[in-house]
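Right, one structure below, let's go through it.
2 protein chains.
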Amino acid sequence: MINIGLLGLGTVGSGVVEILESRKEKISSLIGEEINIKKILVKNVNKKRDIHLNKDIIISNFEEILNDHTISLVVEVTSDIEQSYEYVKLALNNGKSVVTANKALVSKYFEELSALAEEKNVSFLYEASVGGGIPIIKPLKEELILNSVDKVQGILNGTCNYILTRMFNEGLDYDEVLKKAQELGYAEMDPAADVEGPDTLRKLRILGSLALQGKVGEEDIILEGIEKITSFDVRQIKLMKSTVKLIGEVKEYEDGYSALVMPTIVKDGSYFASVNMAFNSVTFEGDNIGELKFYGSGAGKFPTGDAVLRDILDIALDFDRKQNPLGHRILKNNNSEIKDKYYLRISESKENILKSVEDISEKILSTKDNIAILTNEVEIKEIMDIISSLDIEKDEYFIARILD
Amino acid sequence: MINIGLLGLGTVGSGVVEILESRKEKISSLIGEEINIKKILVKNVNKKRDIHLNKDIIISNFEEILNDHTISLVVEVTSDIEQSYEYVKLALNNGKSVVTANKALVSKYFEELSALAEEKNVSFLYEASVGGGIPIIKPLKEELILNSVDKVQGILNGTCNYILTRMFNEGLDYDEVLKKAQELGYAEMDPAADVEGPDTLRKLRILGSLALQGKVGEEDIILEGIEKITSFDVRQIKLMKSTVKLIGEVKEYEDGYSALVMPTIVKDGSYFASVNMAFNSVTFEGDNIGELKFYGSGAGKFPTGDAVLRDILDIALDFDRKQNPLGHRILKNNNSEIKDKYYLRISESKENILKSVEDISEKILSTKDNIAILTNEVEIKEIMDIISSLDIEKDEYFIARILD
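Chains A and B supply the protein sequences, listed in that same order. Residue 233 in our numbering sits at position 232 of the first sequence; the count goes up by one each step and never skips. Residue 30 in our numbering sits at position 29 of the second sequence; the count goes up by one each step and never skips.
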């Protein structure tokens, strides 16, 4: 019997409990022993819950898990960073393996927790922290044994992808779709972590650090969200037979790497254009395997619960190497030198603005009400400098990178 | 040290040897021991080879591998079915694990070899037999612990996909592209196993049997190849803003399942339409995980060698459960009852032919030179009966299923 201490009983936690219950016999017969959730730590023990559970296992004191020597595995599925960090560190230090779905936690303490788990000879797994249900962390780690990986890209946030898909497919306004996404539970009441990009950035930080075998920190990634996109932009980009996705990308060059999260223009008919609604996708390239692409549900109770359980099963079956998967390469960040083509819209049409962007314009799409241009190959910094120099509000522009 | 006996030194075998050589240190440091190819069985020991190897390890007598007690793993990468079957059976019976990339072998003897490996408590792995480098067998087996899987679909043959992509994108004739594919080594001189569909059928037989946890035999799958497609068909289907892919599909319904390999019309902009050239893709659906899609190189020395090596690593690390992954469900084949919409072209235009297809026509696309129709929802058997009743040669028609 494997005893688990579960931290959190929200959407993902309930998914874990329910799948475990419904697949109990199958799991026992396959792995030869039972997986048992022995204690569940919650903030409010008395909260009414839609889940069939023995009430005695619901607790509010982490010590009960930490000091229970029959619990060998802590499964962390909260959205709290600092409190969870303390618990996870205590668990690892006490020789308990940890599975987490918490990308903010993994992103912030990736190097420290990975090293600590190896030191204590326990597992630290986080498949569900990137791409929801998609198997991506494990396949990437497996390919890293046989490949140098020099590129990883992904549509990593279901909320953004849902909003963008409906704006492009149905011609809806940003605010309208965001409201619907909130009603459906796809978007939080405070949607900033999704639409402004930090959630994607954290997932990219995890993927990029694994892929390049050196630290790609949160601060090493250029960040632009989707929150400024308007129906005007959608119309312009549809005329280019293209659509927009929020894509995170880490790419290694001979002399360094670039890392960015940015609204990205992809051609209709391309792979990324086929990833719609709340689905996510991750792609990476290795020198032997070539390009691999993975697609699936980026969030949700059962897909994410399924990913957490795959980690749990790997630990139960002793299928984890318990080695720190992070490399020690010192990477040179080349963000400021990378040139790309961009779509740039500024929500005002003044002669001085048009003049300011003239040097970087390859094509002018509009000068009426909005100034919209396609740039030639420029450094992102050059565009940002121009924008800063203009007398406009910070929500009065939208920029999207054009992917070949 | 893990000693391997390698059977075959063709494209895949060379890939395995070369990746193993180039990643030697990485592998040793990660798994804590060396993986060593101790003997390589070939038909012709004296053949000149473009590969740097100690000549002493190249042998022509399988007994040297079978009787070498230091060899715990046999890696079979030939395209021979019956000879390999004997060798693999002998290896398993002698307590050696087996990794194979040979889909024809796995397809023909799937149940027997899977049961034998379990009985002997050794591993029998075949990741490279389906989808080349794409990780698909392992993720599917992992999800089967946590899910009921009721659908699996795939573009499983790179040669067909290469031919179809170039016909649709460049307007080339079938014969012209096939010739180019042969020149580039993408297609065999006898292309029947690819273009007529048996290769796809074997891979689907493997995926379908795993997914549904019951035997889906080669004979249970409806088979149509792409070899009859003409530029006329390409033009008609492009007018439908669609393209054609050779798709294998196994799908379970409440009262049975269907299994087919058939040219399939998919809408431009859809996921499958974005899988081009020699790439493959497999998708499946589980009740918890939802839909997962995997995309990558469907063939080739290094991608396929990489997949073989992933299996080898799993055995070296003792990460295989050594359980027969096949289920014992008795499945009811519903192929004859499944209704779909089809595109049907017959290369003659006679009044009696038009009359024969009238009952199943939803839309007539052409009556000049070729008769081409879109059918209403019909059973495939009904179409085949009509075709048999007509006085036409067997290569004078083309049929493609229309996917929603």
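Using N, Cα and C, we set each Cβ at its ideal position, and we do this for glycine too.
Between the options, which has its C-alpha nearest residue i's C-alpha?
i	options	result
residue 395 of chain A	A:311, A:80, A:347 and A:355	A:347
residue 415 of chain B	B:130, B:255 and B:247	Outside the modelled stretch of chain B, which goes from 2 to 405, sits residue 415 of chain B, for which no answer is possible.
residue 17 of chain A	A:314, A:403, A:338 and A:110	A:314
residue 358 of chain A	A:300, A:202 and A:387	A:387
residue 184 of chain A	A:202, A:201 and A:160	A:160
residue 407 of chain A	A:325, A:9 and A:292	Because chain A here runs from 2 to 405, residue 407 of chain A falls outside it and cannot be looked at.
residue 69 of chain B	B:293, B:96 and B:54	B:96
residue 368 of chain A	A:241, A:233 and A:191	A:233
residue 401 of chain A	A:178, A:297 and A:244	A:244
residue 108 of chain B	B:98, B:86, B:119 and B:120	B:86
Answer with buried or exposed for residue i, where buried requires no fewer than 16 other C-beta atoms within 10 angstroms of its C-beta.
i	result
residue 363 of chain B	exposed
residue 330 of chain B	exposed
residue 103 of chain A	buried
residue 71 of chain B	exposed
residue 255 of chain A	exposed
residue 370 of chain A	exposed
residue 162 of chain A	buried
residue 28 of chain B	buried
residue 134 of chain A	buried
residue 180 of chain B	exposed
residue 170 of chain A	exposed
residue 353 of chain B	exposed
residue 45 of chain A	exposed
residue 30 of chain A	exposed
residue 260 of chain B	buried
residue 176 of chain A	exposed
residue 188 of chain A	buried
residue 236 of chain A	exposed
By DSSP, does residue i sit in helix, in strand, or in coil?
i	result
residue 111 of chain A	helix
residue 376 of chain A	strand
residue 168 of chain A	helix
residue 264 of chain A	strand
residue 345 of chain B	strand
residue 209 of chain B	helix
residue 125 of chain B	strand
residue 231 of chain A	coil
residue 316 of chain A	helix
residue 189 of chain B	coil
residue 133 of chain A	coil
residue 80 of chain A	coil
Since residue i and residue j are thought to touch, with beta carbons under 8 Å apart, how far apart are those beta carbons, to the nearest angstrom?
i	j	result
residue 60 of chain A	residue 37 of chain A	Not really, about 15 Å apart at Cβ, beyond 8 Å.
residue 164 of chain B	residue 266 of chain B	About 16 Å; that fails the 8 Å criterion.
residue 375 of chain B	residue 344 of chain B	6 Å
residue 207 of chain A	residue 273 of chain A	Actually they do not touch by this definition, with Cβ atoms about 20 Å apart.
residue 93 of chain A	residue 117 of chain A	5 Å
residue 202 of chain B	residue 262 of chain B	5 Å
residue 393 of chain B	residue 349 of chain B	6 Å
residue 332 of chain A	residue 217 of chain A	7 Å
residue 312 of chain A	residue 100 of chain A	4 Å
Could you check where the beta strand (DSSP E) with residue i kicks off and where it finishes?
i	result
residue 284 of chain B	280 to 287
residue 6 of chain B	3 to 8
residue 299 of chain B	Element bounds for residue 299 of chain B: n/a, residue is neither H nor E.
residue 37 of chain B	36 to 42
residue 252 of chain B	243 to 254
residue 402 of chain A	398 to 403
residue 358 of chain B	No beta strand (DSSP E) holds residue 358 of chain B; the alpha helix (DSSP H) holding it covers 352 to 358.
residue 72 of chain B	72 to 77
residue 395 of chain A	Counting along the chain, residue 395 of chain A falls outside any beta strand (DSSP E), and DSSP gives it neither H nor E.
residue 362 of chain B	362 to 367
residue 271 of chain B	Per DSSP, residue 271 of chain B belongs to no beta strand (DSSP E) and is neither H nor E.
residue 100 of chain B	98 to 101
Between which two residues does the alpha helix (DSSP H) harbouring residue i extend?
i	result
residue 12 of chain B	12 to 23
residue 154 of chain B	Residue 154 of chain B -> not in any alpha helix (DSSP H); beta strand (DSSP E) instead, spanning 150 to 156.
residue 83 of chain A	83 to 94
residue 390 of chain B	381 to 390
residue 178 of chain B	175 to 184
residue 143 of chain A	138 to 147
residue 65 of chain B	64 to 67
residue 196 of chain A	193 to 196
So does residue i have its beta carbon nearer than 8 Å to some heavy atom of the ligand ADP?
i	result
residue 180 of chain A	Absence of the ligand ADP is noted for the structure shown, with no ligands found whatsoever.
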